Amino acid sequence: GRCHIAWSAKLGKKVYVGDFVTIGKNASIGDCTHISDNVTIGEGTKIGSYCIIYPGVHIFPGMVIGDRVILHAGCIIGDDGFGNAPQPDGSWKKIEHLGNVIIEDDVEIGSNTTVDKAPMESTIIKKGARIDNLCQIAHNVIVGENTAMAAMTGVAGSAKIGKNCLFGGQVGIVGHVNIADHTTVAAKSAIIGNIRKSGLTLFGIPGIDHRVYMKAYAKFKQSGEE
Numbered sequence: 004g005r006c007h008i009a010w011s012a013k014l015g016k017k018v019y020v021g022d023f024v025t026i027g028k029n030a031s032i033g034d035c036t037h038i039s040d041n042v043t044i045g046e047g048t049k050i051g052s053y054c055i056i057y058p059g060v061h062i063f064p065g066m067v068i069g070d071r072v073i074l075h076a077g078c079i080i081g082d083d084g085f086g087n088a089p090q091p092d093g094s095w096k097k098i099e100h101l102g103n104v105i106i107e108d109d110v111e112i113g114s115n116t117t118v119d120k121a122p123m124e125s126t127i128i129k130k131g132a133r134i135d136n137l138c139q140i141a142h143n144v145i146v147g148e149n150t151a152m153a154a155m156t157g158v159a160g161s162a163k164i165g166k167n168c169l170f171g172g173q174v175g176i177v178g179h180v181n182i183a184d185h186t187t188v189a190a191k192s193a194i195i196g197n198i199r200k201s202g203l204t205l206f207g208i209p210g211i212d213h214r215v216y217m218k219a220y221a222k223f224k225q226s227g228e229e
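Using my numbering, the letters of the sequence shown correspond one by one to residues 4 to 229.
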């Protein structure tokens with residue numbers, strides 16, 4: 004099959020490039036990385052060694068990806084974040100996004116997950132993080148080391164998530180919050196404020212300590228039985 008690799012792109016040793024791949028100018032790819040069919044790698048993007056990039060992944064220009072990263076089919080790295088400024092006439096003006104995404108070593112990102120680039124600076128997925136299918140990581144978010152996030156979780160802009168956190172499916176996290184290390188959040192819960200204490204397990208909307216939640220839920224059930 005046919006692919007397009009810019010003359011200025013640099014490929015390491017034993018790099019596999021599938022059919023219909025596009026690799027932009029001044030991109031660099033480390034040794035033994037596997038690039039499957041229909042992948043787009045933008046200009047100036049840097050990808051480390053021993054990565055696996057599955058079919059249909061799109062990596063925009065200027066992204067930085069470490070070693071041993073796995074990007075599953077259809078995920079998008081580095082599209083514009085959801086940045087729009089309201090205008091006096093009620094319309095919206097697009098905010099330009101000039102930053103990038105940094106994905107550190109040993110990260111795995113699931114199919115059809117989107118990681119938006121920052122307006123300035125970087126959206127960062129730190130070493131060893133695991134992000135499931137169909138997640139949304141907004142601009143300027145930081146996901147801490149070894150944090151795991153189940154499917155359909157959405158993280159709004161500039162949220163800072165600590166290391167070794169666990170998020171169930173369909174968790175929602177508002178923007179500009181800080182979440183402490185070792186936080187566990189049950190499926191379908193929502194984080195709407197800072198979580199400053201490490202090691203909490205949170206249930207509900209808004210997410211509260213699971214022991215408080217279970218007591219409140221028990222009273223709620225009892226009230227319906229009267």
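Just so you know, even glycine gets a beta-carbon here, dropped at the ideal spot from N, CA and C. Small disclaimer: the values here were computed from a predicted structure and weren't measured.
Run the CB neighbour count on HIS179, radius 10 Å, all protein chains shown included, and call it buried at 16 or more, exposed below.
Residue mapping note: residue 179 aligns to position 176 of the sequence shown, counting from 1. The residue is exposed, with fewer than 16 neighbouring Cβ atoms inside 10 Å.
Rank THR204, LYS163, ILE208, ALA12 by C-alpha distance to the C-alpha of LYS191 and give the top, closest one.
Counting from 1 along the sequence shown, the entry for residue 191 is found at position 188. Taking only the C-alpha atoms, the option nearest LYS191 is ILE208.
The ligand PLP and ALA162: does the residue's C-beta get closer than 6 Å to at least one heavy atom of that ligand?
For the ligand PLP, the structure offers nothing, since it holds no ligand at all.
Entirely within the segment 65-126 and at least 3 residues each: give me those beta strand (DSSP E) ranges in chain order.
Within the segment 65-126, the complete beta strand (DSSP E) runs of at least 3 residues are 79-83, 87-89, 95-97, 103-106, 117-120.
Comparing alpha-carbon positions, which option in HIS142, LYS28, VAL20 lies nearest ASP83?
For the purposes of this step, residue 83 is identified with residue 80 of the sequence shown, where counting begins at 1. For ASP83, the nearest C-alpha among the options comes from HIS142.
Just reading off the beta strand (DSSP E) that THR204 is part of, what are its end residues?
The residue given as residue 204 occupies position 201 in the sequence shown. That run of the beta strand (DSSP E) goes 204-206.
Compute the distance between the beta-carbons of TYR57 and HIS75, then report whether it is under 7 Å.
Walking along the sequence shown from the start, residue 57 turns up at place 54. Walking along the sequence shown from the start, residue 75 turns up at place 72. Yes; because the gap between Cβ atoms is below 7 Å, this pair is in contact.
Should LYS218 go down as buried or exposed, given a rule of 16 or more other Cβ atoms within 10 Å for buried?
Sequence index remark: in the sequence shown, residue 218 carries index 215 (1-based). Counting Cβ neighbours within 10 Å, LYS218 comes out exposed, since fewer than 16 surround it.
Which of the three DSSP states, helix, strand or coil, is assigned to TYR19?
Counting from one through the sequence shown, the residue named residue 19 turns up at place 16. Strand at TYR19.
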